[in-house]
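The structure under discussion appears below in the form of structure tokens.
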Amino acid sequence: MKYNKIIITFLLVLSLTALQSAPVTLSGHVKDSEGNPLSYTSMVIENSSLSFLSDESGFFKLTLSNPGTYDIRFSLVGYEIRDEKITLTKDTAINIVLQVDAMNLNQVTITATRTPKLLKEVPVMTRVITSSEIQKISAATVKDLLEMELPGLEFVRQMDGQTVINMQGMGGNYVLFLIDGERIAGETLNNIDYNRLNVQNIERIEIVKGSASTLYGSNAIGGVVNIITKNVNNPWQVNVNGYYGIHNEQRYGLSAGWKNKKWSSLTSAIYNQIDAYSLLNAPDSTGQQTESNVYGGRNFAINEKLTYQPHAKLKFIAKGGFYMRDRSIYFRDKEERVDKKPDRYTGANGGIQVLYSITEKHQLLFSYNYDQYSKLTNYVLLDSLALTYRNQGHSGRIQYDYFINKRNTLTFGTELLNDQLMSYQFNGSQHQTNTFVLFAQQDWMIFKGFTVVYGARLDAHSAYGAHLSPKISMMYALKDFAFRFSYGHGFRSPSLKELYMDWDHQGMFRIMGNQNLVPEKSNHLSVSAEYSHKRMNVAVMGFYNNIQDKIMEVFNAREDTALYINVNHAVIWGGDISVMAKLPHGFGIRLSYAYVNDTQMEDGINVSDTRPHSVTGRFSYDLNKKKYGLNVTLSGKLQGKLTLATLVDDSDPDNLVFIETDYPTYMIWRLTINQRFWKAYNLTLGIDNLFNYKPERYTYNTTLSSGISPFVGVSIDIDKAFKKK
């Protein structure tokens with residue numbers, strides 16, 4: 003009898019244990035406030051690395067290993083985040099309603115901390131441009147989009163008509179552009195080829211201003227612009243679109259994708275072209291009028307993103323793409339337009355990413371990416387192409403995330419970067435550098451409302467040794483207010499061009515690299531305050547950036563030789579303010595102002611070409627009905643006056659002669675009218691340079707617009723056209 007009791011007790015305990023560890027399911031639907039299903043809503047189990055998606059009808063079913071209490075975050079782009087604490091003792095069904103996110107503050111971002119985080123909770127001031135904002139502006143290029151949305155940013159022309167960036171006084175070799183977190187190969191005048199950035203394939207753009215070297219290393223002193231590409235949201239989807247503007251500017255795009263329980267694929271292709279054109283300058287003092295020629299050309303790109311997720315804990319993402327651009331300018335020759343020596347640029351990329359959730363608290367990320375960019379001179383009469391430049395980049399990364407609890411995450415990682423460059427400016431030879439990286443970061447909410455993110459990155463560079471970059475950011479949130487502070491010690495390693503260039507320009511002068519260069523170092527401070535309440539958001543930010551051992555190209559007139567050397571330092575400081583409001587009846591407004599004080603001294607003269615004042619504005623109206631939608635957006639930018647000191651006589655290196663030239667304030671406005679018919683058809687009508695601004699002379703830092711520029715665009719979602727209306 004005694005043994006029977008023991009056996010019975012043992013069996014009861016065993017049964018209760020088995021019952022306790024039996025899996026439970028949570029199921030239901032996700033809808034908006036009007037009862038419409040929300041497809042592919044993300045569901046993340048807090049304090050873990052597990053995530054799920056609702057299906058096309060908004061239905062979800064989560065299978066959890068044990069009964070218990072779970073914190074689950076429901077999120078979807080354009081809607082407010084909803085956090086639910088759910089206790090599961092048996093299979094349970096619930097319904098979730100998400101409200102529209104008027105301020106986009108519940109947008110999930112990854113750039114500032116390299117782990118998913120809500121925009122309103124990121125301790126580093128981050129600007130996100132969403133796909134809906136991109137659609138409203140209908141910018142033809144990423145350059146146009148960024149200029150319209152970000153004050154303190156300007157794209158200008160330099161030698162040979164190449165496009166270069168100036169963001170808060172920082173050039174292209176200080177601003178790191180990424181696509182899905184990966185670097186882009188190739189540069190001209192220290193800038194990437196911005197035509198590689200396909201505006202039609204962008205889900206969102208995340209911009210982090212200031213030093214981000216702790217996470218991203220060299221070239222991130224001025225900031226990071228991370229372009230996040232689109233994913234598939236439906237079982238199948240096909241979009242075709244077209245655009246036509248002046249100068250015979252044409253754009254044709256196609257994207258096609260499909261999705262099932264484990265696989266998804268999205269293929270996108272785009273073709274652009276624009277004719278070269280000439281801009282007439284105002285008469286000079288002698289009454290003569292000259293022309294400024296603007297390059298034309300065509301480009302084509304195709305990209306593929308393939309995802310395989312065999313189960314909730316494991317995901318594979320493979321990507322690849324090809325890009326080609328022909329750039330040419332037409333010269334007048336005996337009253338005929340003759341195309342002479344067009345250049346060709348090509349690019350190719352591929353990579354794979356593996357995300358493995360070992361347990362609910364431990365996550366591993368493996369990634370490899372390859373990117374190549376080449377320049378070829380096209381000799382038309384010989385009907386041949388000659389390779390003159392090729393840059394290849396290989397990068398591999400392993401990242402480990404440990405979710406200690408809901409408020410505390412540790413991140414550790416290592417990277418290996420290989421950079422190879424062959425250039426005609428190296429006399430045809432090839433050079434390469436390797437960088438081994440270790441990084442660590444803690445994202446810790448010490449108490450409710452107060453978050454600290456701190457870490458360090460160690461870069462061991464094959465050409466100059468190791469460099470340590472620490473960084474700390476803090477945020478204190480109090481009801482409707484958020485206060486942020488950030489300090490980053492950044493660096494920029496000398497580029498292969500700056501190290502090894504050996505170029506004789508037709509016997510007129512020579513440019514030499516310098517293998518004794520040391521990395522530039524910066525100390526960047528920023529503080530900000532943000533107020534957000536219901537449908538209004540106001541943010542104020544100030545920054546200070548001190549760059550030491552700045553690398554410059556210094557010309558020795560006596561020897562007709564330019565040499566890259568470490569010179570003095572640059573001090574850049576300023577701030578910006580932005581106001582965004584969602585008004586009643588579909589109206590919205592966003593205004594931003596930036597001030598930049600850039601001091602770059604050369605022989606006692608400030609040679610900075612940064613405009614101190616700039617403003618961007620956007621006014622919009624939205625009407626959304628079941629069968630018809632209307633958006634009217636008026637967006638504009640104002641670039642303040644620039645006084646530029648230009649070197650005009652360097653014959654005596656001990657007595658350089660500068661002159662000051664004033665470039666006036668200018669303003670460009672863009673009107674866009676987007677109409678949606680049913681859910682499948684979109685028609686865009688617009689006018690760029692609405693008020694017909696034309697500078698007296700078209701120089702490297704003025705607009706290239708020839709005046710009022712109308713355009714039209716059409717987009718059709720074929721999958722939606724076949725759905726029941």
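The opening residue of the sequence shown carries number 3 in the numbering used here; numbering runs sequentially from there.
The beta carbon of each residue, even a glycine, is placed where N, CA and C say it ideally should be.
Chain C within 7 Å of residue i, Cβ atoms only
i: lysine 628; result: Given the protein chain composition of this structure (a single chain), no chain C is represented.
Residue i burial status per 10 Å Cβ neighbour count (16 or more: buried)
i: lysine 336; result: Reliability of the predicted coordinates at lysine 336 is poor, the pLDDT of 38 falling under 50, and no value is obtained from them.
i: leucine 78; result: buried
i: lysine 377; result: buried
i: serine 530; result: buried
i: lysine 138; result: buried
i: serine 464; result: exposed
i: histidine 313; result: exposed
i: arginine 537; result: exposed
i: valine 556; result: exposed
i: threonine 292; result: exposed
i: methionine 447; result: buried
i: phenylalanine 589; result: exposed
i: glutamate 417; result: buried
i: glutamate 189; result: buried
i: threonine 716; result: The residue you asked about is not threonine; residue 716 is valine in the sequence shown. Looking at its Cβ environment, which holds fewer than 16 other Cβ atoms inside 10 Å, valine 716 is exposed.
i: isoleucine 204; result: buried
i: serine 431; result: exposed
i: lysine 725; result: exposed
i: asparagine 728; result: Because the chain spans 3 through 727 in this model, residue 728 falls outside it and cannot be assessed.
i: proline 25; result: exposed
i: asparagine 570; result: exposed
Close Cβ partners of residue i (< 6 Å) along its chain, the five nearest in sequence each way excluded
i: arginine 1; result: Residue 1 lies beyond the range of the chain shown here (3 to 727); nothing can be said about it.
i: serine 220; result: Arg494, Ser495
i: tyrosine 246; result: Gln252, Val714
i: lysine 735; result: This structure gives no information on residue 735, because the portion of the chain shown stretches from 3 to 727.
i: glycine 163; result: Tyr297
i: asparagine 2; result: The structure shown does not extend to residue 2, since the chain is modelled only from 3 to 727, so the question has no answer here.
i: leucine 527; result: Tyr489, Tyr546
i: leucine 692; result: Trp671, Leu673
i: aspartate 611; result: Leu646
i: valine 227; result: Phe179, Ile209
i: threonine 348; result: Met326, Ser376
i: glycine 323; result: Asn305, Asn351
i: valine 240; result: Ala258, Ile720, Asp721
i: alanine 723; result: Ala682
i: proline 712; result: Ile689
8 Å contact criterion, which residue i and residue j should meet: CB distance rounded
i: phenylalanine 485; j: tyrosine 533; result: Between tyrosine 533 and phenylalanine 485 the Cβ distance is about 10 Å, and since that is not below 8 Å, they are no contact.
i: serine 257; j: serine 270; result: 4 Å
i: leucine 155; j: leucine 147; result: Going by Cβ atoms, the distance from leucine 155 to leucine 147 rounds to 11 Å, so no, they are not a contact pair.
i: tyrosine 404; j: histidine 469; result: In fact, because the Cβ distance is near 26 Å, the residues do not count as touching under 8 Å.
i: isoleucine 567; j: asparagine 516; result: 6 Å
i: leucine 423; j: leucine 498; result: 4 Å
i: arginine 84; j: glutamate 48; result: With 8 Å as the limit, arginine 84 and glutamate 48 do not qualify as a contact, their Cβ atoms being about 12 Å apart.
Beta-carbon proximity list for residue i, same chain, < 7 Å, skipping 5 on both sides
i: glutamate 338; result: Reliability of the predicted coordinates at glutamate 338 is poor, the pLDDT of 46 falling under 50, and no value is obtained from them.
i: glycine 642; result: Arg613, Pro614, His615, Ser616, Thr667
Sequence-distant residues of its chain with Cβ nearer than 8 Å to residue i (five each side left out)
i: leucine 40; result: Val32, Lys33, Asp34, Ser56, Gly60, Leu78, Tyr81, Leu100
i: proline 237; result: Glu58, Trp260, Lys261, Asn262
i: aspartate 506; result: Arg512
Cβ-heavy atom distance, residue i to the ligand HEM, below 6 Å
i: glutamine 101; result: Although the ligand HEM was asked about, the structure shown includes no ligands whatsoever.
Decide if the segment 82 to 98 is in contact with the segment 166 to 180; the criterion is three or more beta carbon pairs, one per stretch, under 8 Å apart.
No: the two stretches stay apart, fewer than three of their Cβ pairs being nearer than 8 Å.
Would the segment 102 to 117 count as touching the segment 442 to 451 if we require 3 or more Cβ pairs under 8 Å?
Yes, since at least three Cβ pairs between the segment 102 to 117 and the segment 442 to 451 fall closer than 8 Å, the two stretches touch.
Could you tell me whether the segment 563 to 581 touches the segment 592 to 603, where touching means 3 or more Cβ pairs closer than 8 Å?
By the C-beta criterion, the segment 563 to 581 is judged to be in contact with the segment 592 to 603, since at least 3 inter-stretch pairs fall below 8 Å.
Counting pairs of Cβ atoms below 8 Å between the segment 676 to 683 and the segment 627 to 637, do you hit three or more?
Touching, yes, given that three or more Cβ pairs across the two stretches are closer than 8 Å.
In chain order, what are the residue ranges of uninterrupted beta strand (DSSP E) at least 3 long that sit wholly in the segment 294 to 323?
As far as the segment 294 to 323 is concerned, its whole beta strand (DSSP E) runs of at least 3 residues are 298 to 313.
Segments assigned alpha helix (DSSP H), at least 4 residues, entirely inside the segment 566 to 593:
Those alpha helix (DSSP H) runs which fall completely within the segment 566 to 593 and span 4+ residues do not exist here.
Secondary structure, beta strand (DSSP E): runs of 3+ residues fully inside the segment 457 to 512
Taking only runs of at least 3 residues, the beta strand (DSSP E) segments lying wholly in the segment 457 to 512 are 467 to 480, 483 to 494, 504 to 507.
3-residue-minimum beta strand (DSSP E) runs that sit fully inside the segment 153 to 222, ordered along the chain
Secondary structure remark: continuous beta strand (DSSP E) runs of at least 3 residues inside the segment 153 to 222, in chain order: 155 to 159, 165 to 169, 177 to 181, 204 to 211.
Restricting to runs no shorter than 4 residues, where is the alpha helix (DSSP H) found entirely within the segment 645 to 725?
Counting only runs of 4 or more, we get 720 to 723.
Please go through the segment 352 to 439 and give each complete beta strand (DSSP E) segment of 3 or more residues, from N-terminal end onward.
If we require 3 residues or more, the beta strand (DSSP E) runs fully inside the segment 352 to 439 come out as 364 to 381, 386 to 407, 410 to 425.
Which residue spans inside the segment 214 to 291 form an unbroken alpha helix (DSSP H) run of at least 4?
Look at the segment 214 to 291 and you find these whole runs of alpha helix (DSSP H), each 4 residues long or longer: 215 to 218.
3 or more residues per run - each beta strand (DSSP E) lying fully within the segment 28 to 67:
For the segment 28 to 67, the continuous beta strand (DSSP E) assignments of 3+ residues that do not extend past its boundaries occur at 44 to 47, 53 to 55, 61 to 66, in sequence order.
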